[in-house]
Amino acid sequence: MSEFEFDFRGARRDELLSEADKSVRALASDLGETTGEEPDTGVTGRLLEMLNGDVAQFSAYPEIVKLEKSHFETRGLPVPGQFDELTKRYSFYWLRFPITLAAPPQLPYRKLECAIELNPDEARPHLRPRAHSILPDRKFQDAMKIETGLEIHIGENFEFEAGLPKVTAPTPVGQASVAASVDAKAAAKMGVVAGPFEYRFRKAKLTHSPAGTEKVLWRLDGEEIVSQDDPIFIIVMQLPREVDKVSIAAALQAYHGFSLAEAGLGQAIQYFTSRLATFFRAGAPVFDERMWDVTPSL
Numbered sequence: 185m186s187e188f189e190f191d192f193r194g195a196r197r198d199e200l201l202s203e204a205d206k207s208v209r210a211l212a213s214d215l216g217e218t219t220g221e222e223p224d225t226g227v228t229g230r231l232l233e234m235l236n237g238d239v240a241q242f243s244a245y246p247e248i249v250k251l252e253k254s255h256f257e258t259r260g261l262p263v264p265g266q267f268d269e270l271t272k273r274y275s276f277y278w279l280r281f282p283i284t285l286a287a288p289p290q291l292p293y294r295k296l297e298c299a300i301e302l303n304p305d306e307a308r309p310h311l312r313p314r315a316h317s318i319l320p321d322r323k324f325q326d327a328m329k330i331e332t333g334l335e336i337h338i339g340e341n342f343e344f345e346a347g348l349p350k351v352t353a354p355t356p357v358g359q360a361s362v363a364a365s366v367d368a369k370a371a372a373k374m375g376v377v378a379g380p381f382e383y384r385f386r387k388a389k390l391t392h393s394p395a396g397t398e399k400v401l402w403r404l405d406g407e408e409i410v411s412q413d414d415p416i417f418i419i420v421m422q423l424p425r426e427v428d429k430v431s432i433a434a435a436l437q438a439y440h441g442f443s444l445a446e447a448g449l450g451q452a453i454q455y456f457t458s459r460l461a462t463f464f465r466a467g468a469p470v471f472d473e474r475m476w477d478v479t480p481s482l
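For the sequence shown, our numbering begins at 185 and goes up steadily by one.
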């Protein structure tokens, strides 16, 4: 996507890596002929081999759950004050976009960009679905600096809120308080998409486009974004009642953090094409894009 730090412009990543390999070998061969020594491409070769094995991709299909009053009532949560009025005109859906990230320990990802667009081919603006609420949301970032995790729920304004509200569950003798222990990945399976559920966010710098539009772009910057738990992206989609078909365009781009000199490209990069040099200076990003028709899940 053009909003990303590096724009592939239709080029394939494997082709760029192949071009780099050929350029380095040709340069090493020329230098070898000049000095009479066998060219050494070992360091760069190992770099390119590692880059060919990294992974950054979406799962085959997003997780989708329609939000109903029961999601709040059965958890003892207040039903949003706007719920009845809004649901006359819109339906609301929880969408989670699972991703898989895998980078060699020597080449950690330092930045991650994720873009989601709802019904990109719909020309009538009033019929575009919107991302009413989003996670991660930078409004929670300060709290995440001192917390290992937050309890998130959908509040009375129909937006994600942090904190542990009083939650009650029916029992034979009345109402008993219960605590949330379900994380964001399991929330839909446990039927608690309205919350509260536990949400963890690694200490990375976060920026994103505003909620409330048909497109969301997140940027996470910092090598701590990758751990045993991949970053979680969630939206609450607001869908006009008259719309019965929904497609989602998604793009993901992950950037490595490495030194060009230590990677053996310090001298070679000056001989690369401008596009190839930009690719490596950006961190040899990994790109994935999907287009889902989620109409059967509505």
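Positions of the beta carbon are idealized from the N, C-alpha and C atoms, including for glycine.
Check, Outcome
"Neighbourhood of residue 279 by C-beta, 6 Å cutoff - its chain only, sequence neighbours within 5 removed", "246, 248, 419, 421"
"Alpha-carbon spacing of residue 292 relative to residue 233, whole angstroms", "15 Å"
"Contact set for residue 368: own chain, Cβ-Cβ below 6 Å, skip 5 residues either direction", "381, 383, 416"
"For residue 454: DSSP bridge partner residues", "Paired residue(s): none; residue 454 is not in a bridge."
"Residue 291 in three-state terms, based on DSSP", "coil"
"Alpha-carbon to alpha-carbon, residue 472 and residue 496", "Examination of residue 496 is not possible in this model, given that the chain is present from 185 through 482 alone."
"Per DSSP, cross-strand counterpart(s) of residue 296", "404, 438"
"Pick from 272, 340, 298 that is closest to residue 262, judged by C-alpha positions", "340"
"Simplified DSSP assignment, three categories, for residue 399", "strand"
"Cβ-Cβ separation, residue 401 to residue 187 (assumed contact under 8 Å), whole Å", "5 Å"
"C-alpha distance - residue 363 paired with residue 264, whole-angstrom precision", "Bear in mind that the predicted position of residue 363 carries a pLDDT of just 49, short of 50, making it unreliable; the figure below should be weighed with that in mind. Taking the straight line joining both Cα atoms gives about 20 Å."
"Backbone CA spacing between residue 476 and residue 244 [nearest angstrom]", "9 Å"
"Own chain, CB closer than 7 Å to residue 425, minus 5 neighbours either side, in chain order", "273, 274, 275"
"Residue 430 beta carbon less than 8 Å from that of residue 478", "yes"
"Reference residue 206, options 452, 447, 482, closest by Cα", "452"
"As assigned by DSSP and simplified to three states, the class of residue 389", "strand"
"Burial state of residue 290 (16 or more Cβ within 10 Å)", "exposed"
"Terminal residues of the beta strand (DSSP E) in which residue 270 lies", "Residue 270 -> not in any beta strand (DSSP E); alpha helix (DSSP H) instead, spanning 267 to 270."
"Nearest neighbour of residue 198, chosen from 371, 310, 239 [CA to CA]", "239"
"CA nearest to the CA of residue 446, picked from 465, 334, 286, 287", "465"
"Alpha helix (DSSP H) segment containing residue 254, residue limits", "253 to 257"
"Straight-line gap, residue 305 to residue 230 (C-alpha atoms, nearest Å)", "43 Å"
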